[in-house]
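For what it's worth, my numbering labels the leading residue of the sequence shown as 16, then goes sequentially. Beta carbons are placed, not taken as given, at the ideal position from N, Cα and C, and that holds for glycine. Some notes on the structure that comes next.
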Amino acid sequence: MDWGKVVYVFFSLMSLTSIAGFLYENTAISLFIAASVNLISTILKIGVRNLLSAELLASSLVADLHLIPAFVFLVIVQNDSWAIALAIGALIANVFSMGLVYIESSKTHEEY
């Protein structure tokens, strides 16, 4: 078992589920956790050298660039609807990223 891949997929899934948690409970703490976990996931994707690594990093950066302004809109501007809209964009980017992870793992699994 490749433990590096386990950690990488763990943080990718944790990012996806924490965004879903924010959409369920619209609090600044849950959005901060979602953004923090997504930033960790992005940092982990920087070192990945797979077939779809550029696409994985790009989708994670898109999610970051949705979650950070969402936090600003929620905490500073006090606009829940914009924060939720941006979080939905980040959720879509993370679903796309997880789809790429599944494609990548099926390609890797075929090589064995």
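Contact between the stretch 94-110 and the stretch 59-67: three or more CB pairs below 8 Å? Contact fails: fewer than three Cβ-Cβ distances are below 8 Å.
Could you tell me which of Ile-58, Ile-48, Tyr-23 sits nearest to Ala-35, measuring between CA atoms? Within the sequence shown, numbered from 1, the residue matching residue 35 stands at position 20. In terms of Cα proximity to Ala-35, the closest of Ile-58, Ile-48, Tyr-23 is Ile-48.
Cut-off 8 Å between Cβ atoms - residues of its own chain near Leu-38, not counting five sequence neighbours on either side: Walking along the sequence shown from the start, residue 38 turns up at place 23. Same-chain partners within the cutoff: Ile-99, Ala-102, Ile-103, Leu-106.
Check this for me: beta carbons of Asn-53 and Leu-82, under 8 Å apart or not? On the sequence shown, position 38 is the one that residue 53 refers to. On the sequence shown, position 67 is the one that residue 82 refers to. A contact, by the Cβ cut-off of 8 Å.
How far does the alpha helix (DSSP H) with Thr-32 in it reach, from first residue to last? Residue numbering aside, residue 32 sits at position 17 when the sequence shown is read from its first letter. Counting along the chain, the alpha helix (DSSP H) containing Thr-32 begins and ends at 18-39.
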